Amino acid sequence: MRIVLFGPPGAGKGTQARRLVEELGLRHISTGDLLRAAVAKHTPLGRQAESYMKAGRLVPGRIVEGLAEEAMAAAGCDRFILDGYPRTVQQARWLDAFLRRQQAPLDAVISLDVTDEVIVARLSKRRTHRITGRTYHLDYDPPPRSIDPTLIVQRPDDRPDAIRHRLEVYHARTKAVEGYYRRQGLLHVVDGDAAVDVVFGRILKVIERAVVQPMT
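Each step along the sequence shown adds one to the number in numbering that gives the first Met the number 0, with nothing skipped, and position 190 is 189.
Shown next as structure tokens:
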């Protein structure tokens, strides 16, 4: 089972991916988490990515591909959910080519559809642990009181102006990826503007129809 969870920043991809890990035993591959870990560890790729992330800009694909390839290979190119990648048609083509070489094509691409207004409201309340990179949300997933509050910060790219810029980039570039996967018959659009449990139920129904039933 190989799934891409797709959608704009703040659509709830990470939250839903973690639920799918618990429910289906998939490996969660988040390019955002991989990049933040690389930045925290000051790896060569992390240093390159840091300037883009601080400016609220998309990190170039050449930086992300190496991290994504390592993570998918570690999962045996099976039973994973890819969160936050691909973001461009070029990256989608690279992913297809890589998985084709492994004889492990994608089973489904699930796109969470959420309005820009909801996205800005969600992301502006997101906070990050300065050391671990763990992401929290002040409303849905607040940091435990046991954590030193000085370690909980708002990332520059979670500020309203940066969020709006990221959404502009998303609509201008990344939405084309939906068309790429729609033409392959892999795209499934899910309304993500609902309670977490409701959205999760919708995703499970898509997986049942698109992945589980064809295998039986």
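Quick reminder that beta carbons are idealized off the backbone N, C-alpha and C, glycines included.
Small disclaimer: the values here were computed from a predicted structure and weren't measured.
Worksheet item: If we count Cβ pairs, one from each stretch, closer than 8 Å, do we get three or more for the segment 57 to 73 versus the segment 140 to 149?
Response: no
Worksheet entry | Limits of the unbroken alpha helix (DSSP H) element including LEU44 | 43 to 53
Fill in: Proximity to GLN89 [Cα-Cα], best of TYR179, LYS204, ILE206, GLU207
TYR179
Worksheet item: If you drop the 5 nearest sequence neighbours on each side, which residues of the same chain put their C-beta closer than 8 Å to that of THR114?
Response: ASP192
Discussion item. Determine whether the beta carbon atoms of VAL210 and ASP106 lie at a separation below 8 Å.
Written reply: yes
Worksheet item: Helix, strand or coil for ARG129 per DSSP?
Response: coil
Discussion item. Which residue wins for smallest C-alpha separation from ARG129, given the options ALA120, GLY24, ARG181, PRO142?
Written reply: PRO142
Worksheet item: Quick one, which of LEU186, GLY184, LEU111 has its alpha-carbon nearest GLY9's?
Response: LEU111
Discussion item. So, for LYS124: in the same chain, excluding its five sequence neighbours on each side, which residues have a beta-carbon less than 8 Å away from its beta-carbon?
Written reply: HIS136, LEU137, ASP138
Item to complete: Would you decide whether PRO7 is buried or exposed? Buried here means 16 or more other CB atoms lie within 10 Å of its CB.
Response: buried
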